[in-house]
Amino acid sequence: MSNGPHAKLAELGYELPEVVPPVASYVPAVQSGAHVYVSGQLPMAEGKLLATGKVGAGVSAEQAKDLAERCALNALAAIDSLVGLENVVKIVKLTGFVASAPGFTGQPAVINGASDLFGAVFGEAGRHARSAVGVAELPLDAPVEVEVIVEVS
7 MSNGPHAKLA ELGYELPEVV PPVASYVPAV QSGAHVYVSG QLPMAEGKLL
57 ATGKVGAGVS AEQAKDLAER CALNALAAID SLVGLENVVK IVKLTGFVAS
107 APGFTGQPAV INGASDLFGA VFGEAGRHAR SAVGVAELPL DAPVEVEVIV
157 EVS
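Residues 7 to 159 (my numbering) are what the sequence shown spells out, left to right.
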């Protein structure tokens with residue numbers, strides 16, 4: 007399975023992280039029928055947020071894009087632990103939340119960090135519907151959060 011999602015991640019230079027433990031009363035991902043619903047993923051690595059603060063004031067848009075990519079990688083870890091990445095048929099919907107400073111309107115470009123990773127890993131199956139929403143605050147003062155719905159076989 008040299009062309010599967012794990013191989014593609016490795017080819018792109020990524021290592022699938024451990025599943026991020028929930029920070030409240032929920033589970034990382036739930037399967038219902040042919041869909042997996044991934045809880046909002048923060049840009050965590052090794053148990054710590056990679057950054058805090060507002061995008062457009064303290065966190066640059068480019069840094070936030072990288073953080074959104076990390077959120078997507080964490081979402082892939084949650085999917086893999088539940089059903090296996092090889093069973094992903096389609097990334098259906100991505101919702102990205104950006105803790106935005108007043109006047110910051112670049113949410114779509116920030117969430118491209120997640121969208122681009124899904125496209126790179128899954129090709130056409132990684133193209134998805136999407137919302138990129140600016141919010142006042144996110145849990146733990148995270149700059150970005152990403153949730154995703156995937157179709158699985």
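Glycine included, C-beta positions come from ideal geometry on N, C-alpha and C.
For residue i, count neighbouring Cβ atoms within 10 angstroms of its own Cβ and tell me buried if that reaches 16, exposed if not.
{"i": "residue 21", "result": "exposed"}
{"i": "residue 46", "result": "buried"}
{"i": "residue 102", "result": "buried"}
{"i": "residue 62", "result": "buried"}
{"i": "residue 80", "result": "buried"}
{"i": "residue 95", "result": "exposed"}
{"i": "residue 86", "result": "buried"}
{"i": "residue 106", "result": "buried"}
{"i": "residue 139", "result": "exposed"}
{"i": "residue 151", "result": "buried"}
{"i": "residue 18", "result": "exposed"}
{"i": "residue 112", "result": "buried"}
Taking just the CA atoms, how far does residue j sit from residue i?
{"i": "residue 34", "j": "residue 24", "result": "11 Å"}
{"i": "residue 43", "j": "residue 115", "result": "23 Å"}
{"i": "residue 132", "j": "residue 124", "result": "5 Å"}
{"i": "residue 92", "j": "residue 129", "result": "13 Å"}
{"i": "residue 65", "j": "residue 141", "result": "14 Å"}
{"i": "residue 7", "j": "residue 71", "result": "Its pLDDT being 44, under 50, residue 7 is placed unreliably by the model, and the measurement read from it follows with that caveat. About 30 Å."}
{"i": "residue 10", "j": "residue 83", "result": "15 Å"}
{"i": "residue 110", "j": "residue 67", "result": "9 Å"}
{"i": "residue 69", "j": "residue 89", "result": "30 Å"}
{"i": "residue 41", "j": "residue 154", "result": "10 Å"}
{"i": "residue 160", "j": "residue 32", "result": "No answer is possible for residue 160: it lies beyond the span of the chain, which begins at 7 and ends at 159."}
Give a yes or no on whether the minimum CB-CB distance between residue i and chain B is below 8 Å.
{"i": "residue 149", "result": "Structure shown: chain B not included; a single protein chain is present."}
Starting from the Cα of residue i, find the closest Cα among the options and give me that residue.
{"i": "residue 29", "options": "38, 100 and 49", "result": "49"}
{"i": "residue 74", "options": "88, 99 and 122", "result": "122"}
{"i": "residue 134", "options": "85, 142, 158 and 98", "result": "98"}
{"i": "residue 145", "options": "128, 132, 57 and 38", "result": "57"}
{"i": "residue 158", "options": "36, 32 and 9", "result": "36"}
{"i": "residue 13", "options": "137, 150, 136 and 126", "result": "126"}
{"i": "residue 78", "options": "55, 60, 53 and 120", "result": "120"}
{"i": "residue 76", "options": "52, 59 and 60", "result": "52"}
Which residue or residues does DSSP assign as beta-bridge partners of residue i?
{"i": "residue 106", "result": "61"}
{"i": "residue 153", "result": "101"}
{"i": "residue 29", "result": "Looking at the DSSP assignment, residue 29 forms no beta bridge with any residue, so it has no partner."}
{"i": "residue 140", "result": "104"}
Regarding residue i and the ligand GTP, is the C-beta to nearest heavy atom distance less than 7 Å?
{"i": "residue 154", "result": "With respect to small molecules bound, the structure shown includes none, and the ligand GTP cannot be examined in it."}
Going residue by residue through the region 32 to 80, where are the continuous beta strand (DSSP E) segments of at least 3 residues, counting only ones entirely within it?
35 to 38 and 41 to 47
Whole beta strand (DSSP E) runs in the region 85 to 137 with 3 or more residues, listed along the chain?
94 to 105
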